[in-house]
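Enquirer:
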Amino acid sequence: SDLPMINFKDIKNLLKYAKSNQLLIVSDSLEFGTNCLIYDSNCHFNLCFGLNSYQLFINEFQNQGIKFTKHNCKAIEQDLDSEEDYFKLISYLKN
Numbered sequence: 008s009d010l011p012m013i014n015f016k017d018i019k020n021l022l023k024y025a026k027s028n029q030l031l032i033v034s035d036s037l038e039f040g041t042n043c044l045i046y047d048s049n050c051h052f053n054l055c056f057g058l059n060s061y062q063l064f065i066n067e068f069q070n071q072g073i074k075f076t077k078h079n080c081k082a083i084e085q086d087l088d089s090e091e092d093y094f095k096l097i098s099y100l101k102n
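Sequential numbering from 8 applies to the sequence shown in this note's numbering.
(1) Could you check the C-alpha separation between F64 and N20 for me, to the nearest Å?
(2) So, is D35 buried or exposed, given that buried needs 16 or more other C-beta atoms within 10 angstroms?
(3) Would you decide whether T41 is buried or exposed? Buried here means 16 or more other CB atoms lie within 10 Å of its CB.
(4) For the alpha helix (DSSP H) containing L63, list its first residue and its last residue.
(5) With a cut-off of 8 Å on the beta carbons, I'd call I32 and L44 a contact; round off their distance for me.
(6) Answer yes or no: do D88 and D17 have a C-beta to C-beta separation smaller than 8 Å?
(7) In terms of residue numbering, what span does the beta strand (DSSP E) encompassing N20 cover?
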């Protein structure tokens, strides 16, 4: 996984959404990528990958009239995609 700061509490929170059949989306720290997407398989929409996937998903949900929740969770937003992310992680681990 490229989400090195995620912990049990974060996952437990996500499971609440999964059990309630709510569509949930979590972006990366810059709101470009999508680091988590939880949805019922009966909900039909186009999957979006790559650059700007977060905004592409938001547009897709809005265009289709699909209710969704933007979930903020620093541990999920802080992925490990670049050298800068690596140094942020090192700093986090030292504190």
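Note that the Cβ used here is the ideal one computed from N, Cα and C, for glycine as well.
These numbers were taken from a predicted model, which means no experiment stands behind them.
Expert: Here's the rundown:
(1) Mapped onto the sequence shown, residue 64 falls at position 57. Mapped onto the sequence shown, residue 20 falls at position 13. Looking at the two C-alpha atoms, the distance is approximately 21 Å.
(2) Translated into the one-based positions of the sequence shown, residue 35 becomes position 28. Per the 10 Å Cβ criterion, buried.
(3) Here residue 41 is taken as the residue at index 34 of the sequence shown, counted from 1. So T41 ends up on the buried side.
(4) Here residue 63 refers to the residue found at position 56 of the sequence shown. Counting along the chain, the alpha helix (DSSP H) containing L63 begins and ends at 60-71.
(5) Within the sequence shown, the letter at position 25 stands for residue 32. Within the sequence shown, the letter at position 37 stands for residue 44. Their Cβ separation, rounded to whole angstroms, is 5 Å, which keeps I32 and L44 in contact under 8 Å.
(6) In the sequence shown, counting from the first residue as 1, residue 88 sits at position 81. In the sequence shown, counting from the first residue as 1, residue 17 sits at position 10. Cβ distance not < 8 Å, so D88 and D17 don't count as in contact.
(7) By one-based count along the sequence shown, residue 20 stands at place 13. First-last for N20: 15-26, but that is the alpha helix (DSSP H), not the beta strand (DSSP E).
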